[in-house]
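Okay, so here's the structure we're looking at.
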Amino acid sequence: MKIIAFHASRAATPKRRRRRRRNYRPLLVLAIFLLIVCAIGFAIHQVFSQTDTDENGYPITYVGSLPVHEHFVSEDAIGRPGGTREIEYVVIHETDNFAAGANAARHDAFIQENAKVEKLSWHYTVDDHEAYHHIPDNEPAYHAGDGMEPNGGNTSGIGVELCVAEDNDYEKTLQNGALLAGYLLWKYDLNMDALKKHQDFSGKICPAHLINEHRWDEFCKMVEENYVYFQQNGEKN
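The numbers in our numbering rise by one with no breaks, and the one at position 121 of the sequence shown is 184.
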């Protein structure tokens with residue numbers, strides 16, 4: 064009887080061990096799941112907040128895959144009126160500069176010089192591979208042609224210029240512009256009704272390509288897709 068009991072004990076022991084090992088599996092699965100969630104969250108944070116510097120020492124913030132160079136116009140420039148305001152619109156423009164090489168960097172150089180002596184400014188210039196940020200978002204600028212009218216394009220809108228140079232990929236510029244516009248609408252808790260054309264404030268046919276080629280609605284849909292994406296995946300600082 065003792066021998067039988069001994070063998071029975073040895074036979075039962077592995078079964079209990081197997082049951083204990085199986086009980087750890089839910090905890091292991093949970094741990095792996097939490098690690099994956101943390102990794103995804105970190106990746107999203109990196110996509111929307113990664114900062115670097117360019118060859119000129121300007122900070123670069125990435126909006127998705129779009130590098131945005133921050134190079135603000137001097138605070139004492141005539142074209143930078145200063146002060147802060149409530150942001151109500153994102154206003155889309157086109158540069159109307161078709162010369163080869165008239166990209167975002169070239170327009171940044173242009174605004175840095177010309178804003179010193181005239182009331183000329185906007186917030187962003189976008190081309191087919193990057194964007195430049197010229198005026199802080201919370202400051203007014205001279206881009207909509209409506210003076211300092213309360214709740215107008217200059218006083219309450221973020222001006223975004225799209226490059227149209229002959230050697231610039233306009234379709235890619237539209238994609239980048241839609242990405243930036245969608246991001247700005249999301250960042251400042253605006254809705255799609257806040258997306259405006261320069262034309263809405265002064266009557267000027269701008270953005271000319273989008274108006275004359277009847278592509279404004281198409282562009283708005285591109286912006287909305289990005290806007291919804293940021294709503295679902297974005298992380299505000």
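Ideal Cβ placement from N, Cα and C applies to all residues, glycine included.
Count the other CB atoms within 10 Å of the CB of residue i; is the residue buried (16 or more) or exposed (fewer)?
| i | result |
| --- | --- |
| I268 | exposed |
| A167 | buried |
| D252 | exposed |
| H277 | exposed |
| N157 | With the sequence shown as reference, residue 157 is identified as Glu, and Asn is not the correct amino acid for it. It counts as buried. |
| G240 | buried |
| A163 | exposed |
| I103 | Confidence at I103 is low in this model, with a pLDDT of 44, below 50, so its placement is unreliable and no value can be given for it. |
| N214 | exposed |
Using C-beta distances below 8 Å, list every residue in its chain close to residue i, excluding the 5 sequence neighbours before and after it, in chain order.
| i | result |
| --- | --- |
| F161 | V227, A228, E229 |
| V154 | H206, A207, G216, G220, I221, G222, V223, K259, K260, H261, D263, F264 |
| T116 | P122, I123 |
| M211 | P144, P203, N217, T218 |
| Q294 | W249 |
| D171 | H132, H134, T188, Y195, H197 |
| N231 | A165, N166, D190, D191 |
I'd like to confirm the pairing. Which residues does DSSP put opposite residue i in its beta bridges?
| i | result |
| --- | --- |
| Y195 | H132, T188 |
| D115 | I123 |
| L273 | In DSSP, L273 forms no bridge with anything. |
| I155 | V223, K260 |
Below 7 Å CB to CB, which residues in the same chain sit around residue i once its five sequence neighbours on both sides are set aside?
| i | result |
| --- | --- |
| A178 | V136, A140, I141, G142, R143, S184 |
| I107 | Residue placement at I107 is flagged as unreliable, the pLDDT there being 43, under the threshold of 50; a coordinate-derived value is accordingly withheld. |
| T60 | What is shown of the chain runs 64 to 300, which leaves residue 60 out entirely. |
| A146 | Ala is not the amino acid found at residue 146; the sequence shown has Gly there. Result list for G146: E202, P203, in chain order. |
| P199 | F135 |
| V180 | I141 |
Who are the near neighbours of residue i in its chain, counting only those whose CB is closer than 6 Å to its CB and skipping five residues on each side?
| i | result |
| --- | --- |
| P130 | I123, E193 |
| L273 | W279, F282 |
| G127 | L242 |
| A271 | E157 |
| V291 | none |
Point to revise | Cβ contact check for the region 169 to 177 and the region 238 to 247: 3 or more pairs under 8 Å | key: Touching, no, given that fewer than three Cβ pairs across the two stretches are closer than 8 Å.
Practice item. For the region 214 to 288, list the alpha helix (DSSP H) runs that are entirely contained and at least 4 residues long, ordered along the chain. Key: Within the region 214 to 288, the complete alpha helix (DSSP H) runs of at least 4 residues are 216 to 219, 233 to 250, 262 to 265, 271 to 275.
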